[in-house]
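**Student:** Structure in structure tokens, see below.
In this note's numbering, the protein residues as written are 7 to 84.
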């Protein structure tokens, strides 16, 4: 997993667009225009604290609860 935390927002938006997502500079939207909601916190994912898990197109909040929940649910992937 590589952090995008210190990357410019323009790069983050470019990556999201290539994945079929979009951003208003604050939040992330799916291809239908819906807010991307972290399934572990039920909060909208912000571009400044998003994490894209390596080898996937899953976007989560970078907080420890979300990451631990994902790895617990999908540990076989890694």
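Backbone N, C-alpha and C fix where the C-beta goes; we use that ideal spot for every residue, glycine too.
#1: Give the list of continuous beta strand (DSSP E) stretches no shorter than 3 residues that lie fully inside the stretch 33-80.
#2: Roughly how many angstroms lie between the CA atoms of residue 54 and residue 27, to the nearest whole one?
#3: Does the Cβ of residue 37 have 16 or more other Cβ atoms within 10 Å, making it buried, or fewer, making it exposed?
#4: Please name the residue in 20, 24, 70 whose C-alpha comes closest to that of residue 31.
**Tutor:** So, to answer that:
#1: Within the stretch 33-80, the complete beta strand (DSSP E) runs of at least 3 residues are 56-58, 65-67.
#2: In this model, residue 54 and residue 27 are separated by some 15 Å (Cα to Cα).
#3: exposed
#4: 20
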